[in-house]
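Colleague:
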Amino acid sequence: MMKLQIPSPIVRLKSEFLNQYGIELWLKRDDLIHDKISGNKWRKLELNILKAKQKNRPILTFGGAYSNHILATAVACEQAGIQSIGMIRGEELDKKELNPTLEDARSAGMELHFISREEYTRKSEESYIKGLEEEFGQVQLVPEGGANYYGVMGCTKILSEVDNEFDVVCCSGGTGTTATGMLLKLREEQKLELYPALKGGDFITENVEHLLKYSLFENDLVAETKQSLSVVADYHFGGYGKANQELVEFVNSFYETYAIPLDLVYTGKMLFGLFDRISKKVYPKGTRIIAIHTGGVQGNRGMAERFGFELEF
Ligand SMILES: *Cc1c(COP(=O)(O)O)cnc(C)c1O
0 MMKLQIPSPI VRLKSEFLNQ YGIELWLKRD DLIHDKISGN KWRKLELNIL
50 KAKQKNRPIL TFGGAYSNHI LATAVACEQA GIQSIGMIRG EELDKKELNP
100 TLEDARSAGM ELHFISREEY TRKSEESYIK GLEEEFGQVQ LVPEGGANYY
150 GVMGCTKILS EVDNEFDVVC CSGGTGTTAT GMLLKLREEQ KLELYPALKG
200 GDFITENVEH LLKYSLFEND LVAETKQSLS VVADYHFGGY GKANQELVEF
250 VNSFYETYAI PLDLVYTGKM LFGLFDRISK KVYPKGTRII AIHTGGVQGN
300 RGMAERFGFE LEF
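220 is the number that numbering that gives the first Met the number 0 gives to position 221 of the sequence shown; each next residue is one higher, with no gaps.
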């Protein structure tokens, strides 16, 4: 049925730079799981789709106009043979042509509905959801970014596929769902560094705590698990979906050195931050790091279109 590369490959990155600082760096290539159901979006969707299939309901979800999650949901639902409905935030309302992300989602059979930014902010309100069910019938509701319990459980599988010994795992974060799933799999001496793609780390810390509560039920377990988390909040480049020439150059030179494409919204920022910290000797020699490539390279089309960046891949 679905053609997915699972378990995703793990590759060792080798360079002069990493040698110089004595860092062993591995990259878990979740970006290779599928070209459109990218990376962690598949992890978060897997169990949601299973539920939707069991109940024979369409999936209804939310996202922005360039959302990796929207496209992943559309294609994953198509492959699973279930209907998908996407509630899309604002701005495309008046445009005649869809951007490439939404065009792909629509060709995969997703029913697109454009809602105003105002309406979009109500997406988690009970009364709003009731209204949606009156309009669309019974649906399997998946929150923006796949940030629910099933999403967390799906993300526990990422580190289950890793046999390497490591000290630190690094990942980018939007909602913190992926990070939460991985936290549940860490051993006591291992740490997780979470690099938010949004401004301000507080929101994501609270979100991780909230998701941990759902998954662990006991407060002292939540507190204990949270100790393995550190949020590295300084590499958001001005906020969600923002980027600059320095980041573009990093992503291009990363491609030249390792032949691996990165997205500008998430993994590019995380690896920029990680490399910056390596060069500042944050990690002792001999540290073994595994970074997660959560995918999202499709989103570069939108970034290039909006900002005129030139990427070499
Ligand atoms: C959505 C997304 C993230 C954020 O994942 P969360 O689980 O919401 O923290 C990270 N990387 C990529 C490429 C994404 O598309």
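Here a beta-carbon is modelled for each residue, glycine too, at the ideal position from N, C-alpha and C.
Note that the structure is predicted; figures quoted are calculated from it, not measured.
Can you tell me whether His235 sits near ligand 1, meaning its C-beta is under 7 Å from at least one heavy atom of the ligand?
Modeller: The answer is no for His235.
Colleague: Might you give, ordered along the chain, the residues of its own chain that have their beta carbon closer than 8 Å to the beta carbon of Tyr239, omitting 5 neighbours on each side?
Modeller: These residues qualify, in order along the chain: Gly173, Ala196, Leu197, Lys198 and Val264.
Colleague: Using only the heavy atoms of ligand 1, determine whether one of them is closer than 7 Å to the beta carbon of Asn39.
Modeller: yes
Colleague: Can you tell me the Cα-Cα spacing of Gly298 and Glu187, whole angstroms?
Modeller: So the alpha carbons of these two residues sit roughly 35 Å apart.
Colleague: Report yes if the CB atom of Lys43 is closer than 8 Å to the CB atom of Asp103, and no otherwise.
Modeller: no
Colleague: Expressed to the nearest angstrom, what Euclidean distance is found between the alpha-carbon atoms of Glu110 and Gly85?
Modeller: 6 Å
Colleague: Measuring only from the beta carbon, is Asn67 closer than 7 Å to any heavy atom that is part of ligand 1?
Modeller: Closer than 7 Å to some heavy atom of ligand 1: that describes the Cβ of Asn67.
Colleague: Express the C-alpha separation of Leu140 and Val281 in angstroms, rounding to a whole number.
Modeller: 42 Å
Colleague: Assuming Gln139 is part of the beta strand (DSSP E), what are its boundary residues?
Modeller: Gln139 to Val141
Colleague: Excluding the five sequence neighbours on either side, which residues of its own chain have a C-beta within less than 8 Å of the C-beta of Lys225, listed in chain order?
Modeller: Leu182, Val207, Glu208 and Leu211
Colleague: Any chance the CB of Tyr265 is under 7 Å from a heavy atom of ligand 1?
Modeller: yes
Colleague: In this structure, how does DSSP classify Gly85 when only helix, strand and coil are distinguished?
Modeller: strand
Colleague: Rank Arg28, Glu125, Arg56 and Gly200 by C-alpha distance to the C-alpha of Ala233 and give the top, closest one.
Modeller: The question names Ala, but residue 233 is Asp in the sequence shown. Nearest option by C-alpha distance: Gly200.
Colleague: Classify Gly173 as helix, strand or coil using the three-state DSSP reduction.
Modeller: coil
Colleague: Take every Cβ of the segment 68-75, pair it with every Cβ of the segment 16-29, and state whether three or more of those distances are shorter than 8 Å.
Modeller: Judged by Cβ distances under 8 Å, the segment 68-75 makes no contact with the segment 16-29, as fewer than three pairs qualify.
Colleague: Hey, could you find the ends of the alpha helix (DSSP H) His68 is sitting in?
Modeller: Asn67 to Ala79
Colleague: Name the DSSP bridge partner or partners of Lys225?
Modeller: Lys225 pairs with nothing; no bridge assigned.
Colleague: Mark Thr120 as exposed unless 16 or more other C-beta atoms lie within 10 angstroms of its C-beta, in which case mark it buried.
Modeller: exposed
Colleague: From Ala290 to Glu134, what does the alpha carbon distance come to, in whole angstroms?
Modeller: 42 Å
Colleague: Give the DSSP-derived three-state secondary structure of Val168 in the structure shown.
Modeller: strand
Colleague: When we look at the beta-carbon of Arg88 and count the other beta-carbons within 10 Å, is it buried (16 or more) or exposed?
Modeller: Under this definition Arg88 is a buried residue.
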